[in-house]
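For the sequence shown, numbering that gives the first Met the number 0 gives the first residue as 0, with consecutive numbering after it.
Let me begin by presenting the structure, written as structure tokens, before commenting on it.
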Amino acid sequence: MTEHPQPPRRDGRVEVATLTLPPLVWLVIFFVIPVLILAAISLSPAGMTVEISPTPSLEHYREALDPFYLNILLRSLGYAALATLLTLLIAFPAAYFIASSPPRRQVWLLFLVFLPLWTNLLVRLYSFKIILGDNGLVNQVLQALALVSEPLTLIYTPLSVVIGFVYWNLPYMIPPIYAALERMNPSLLEASMDLGASRAATFWHIVIPASLPGVAAGVILCFVPTLGSFIVPDILGGPDSMMVGNLIAAQFGPGLNWPFGSALATVLTLLVTVGVTLYIRYAGPGGQPGRDGRG
């Protein structure tokens, strides 16, 4: 009986290394190296320079601890957290509705979710100036319903900034939650109902745990860009709505203080990295402690 030669067995570690090498190289070139360059520039004297000083100084990091700049950072964290929470509260029911719809309808609903991305962000944000303006659609509707006697000040306020962020983030929050819910086994819902569980208990014990991977991904995709954004508060916000992204952009623009801007960007990057790591470790999927109390 003729024996057929067996194909050579591939080493799994080699395959993993081959798959992870391209994204690792991309990450090093376009993230690690730029961050290291920013960190080096942040140690240079003040001025519009990209030169790395031979005598490093921490003056820009001490300046970043000024109460004025700390207040802007705390405001940015508050805006990002509030906008992400509101986005999640709107996106979760939408994603659940899409995942519960027939397959053909899901395609069209997802198409509507991504449709705003076909238009430039600046155009979409400027449209909110018309919607939220003193003579905008919102004020016209409120006055037509006799709910207000004079136009409300909605534009150039923290409220308009948060609304802009929620609108911006929705197309990035809905898809990961939908993907997690769409992979959920429907038989689990049927089994829960057959065993006498209420709809609320089934939703809490079956749907919520199944959605956690998508929620974790959506929160990260929305919170991190919102924290560093400068376009939304620049267009929809007022003097009291400056965020850390606006402050950093000003240092590289009119402020002509690249080292201080680099210091702020480095601090923001470190805060985001630590925050996301802690979130994934303790609040993300797989980060919850087991029933025996162990992580």
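Positions of the beta carbon are idealized from the N, C-alpha and C atoms, including for glycine.
Residue closest to residue i, alpha-carbon to alpha-carbon, out of the options
{"i": "L151", "options": "A145, L73, W167 and D133", "result": "D133"}
{"i": "Y95", "options": "F67, P174 and A82", "result": "P174"}
{"i": "T225", "options": "S75, T54, A179 and I279", "result": "S75"}
{"i": "N256", "options": "P44, L121 and L20", "result": "P44"}
{"i": "R61", "options": "G260, V273, G274 and L277", "result": "G260"}
{"i": "V106", "options": "S148, E181, L120 and Q250", "result": "E181"}
{"i": "P258", "options": "V266, L37 and P115", "result": "L37"}
{"i": "P92", "options": "W25, V214, F67 and L57", "result": "V214"}
{"i": "P242", "options": "F67, A143 and Q139", "result": "With the sequence shown as reference, residue 242 is identified as Met, and Pro is not the correct amino acid for it. When only C-alpha atoms are compared, the closest one is F67."}
{"i": "L277", "options": "Q139, I219 and G237", "result": "I219"}
{"i": "V165", "options": "C221, W25 and P102", "result": "C221"}
Neighbourhood of residue i by C-beta, 7 Å cutoff - its chain only, sequence neighbours within 5 removed
{"i": "G289", "result": "For G289, the pLDDT reaches just 41, beneath the cut-off of 50, and the residue's location in the model is therefore unreliable, although a value from the coordinates is still provided. Nothing meets the Cβ criterion."}
{"i": "G163", "result": "L124, F127, V231 and L235"}
{"i": "P169", "result": "The residue you asked about is not Pro; residue 169 is Leu in the sequence shown. Same-chain partners within the cutoff: T86, I89 and A90."}
{"i": "F113", "result": "P170"}
{"i": "R104", "result": "none"}
{"i": "R198", "result": "none"}
{"i": "S186", "result": "none"}
C-beta atoms of residue i and residue j nearer than 8 Å
{"i": "Y177", "j": "A98", "result": "yes"}
{"i": "S210", "j": "T201", "result": "no"}
{"i": "W167", "j": "V231", "result": "yes"}
{"i": "A262", "j": "H59", "result": "yes"}
{"i": "I205", "j": "L188", "result": "yes"}
{"i": "V273", "j": "V223", "result": "no"}
{"i": "T268", "j": "V34", "result": "yes"}
{"i": "P55", "j": "L42", "result": "yes"}
{"i": "V266", "j": "A63", "result": "yes"}
{"i": "S100", "j": "L111", "result": "no"}
Own chain, CB closer than 6 Å to residue i, minus 5 neighbours either side, in chain order
{"i": "I279", "result": "none"}
{"i": "S228", "result": "G244"}
{"i": "S240", "result": "P157, V160 and P232"}
{"i": "L136", "result": "I130"}
{"i": "G252", "result": "none"}
{"i": "L141", "result": "V147"}
{"i": "F30", "result": "none"}
{"i": "A16", "result": "none"}
{"i": "E116", "result": "One point to set straight first is that residue 116 is Leu, not Glu, in the sequence displayed. The residues are P170."}
{"i": "Q250", "result": "N256, F259 and G260"}
{"i": "L121", "result": "none"}
{"i": "E14", "result": "none"}
8 Å CB neighbourhood of residue i in its chain, flanking five on each side removed
{"i": "V161", "result": "Y78, L81, A82 and L85"}
{"i": "L57", "result": "L42"}
{"i": "A196", "result": "H204"}
Contact test: residue i Cβ vs the ligand ATP heavy atom, cutoff 7 Å
{"i": "T19", "result": "Of ligands this structure carries none, so the ligand ATP is not represented either."}
8 Å Cβ cutoff, residue i in contact with chain D
{"i": "A209", "result": "You won't find chain D in this structure, because it holds only one protein chain."}
_Cβ contact check for the region 154 to 161 and the region 125 to 143: 3 or more pairs under 8 Å_ = Judged by Cβ distances under 8 Å, the region 154 to 161 makes contact with the region 125 to 143, as three or more pairs qualify.
*On the three-pair Cβ rule with 8 Å, is the region 55 to 73 touching the region 240 to 249?*
yes
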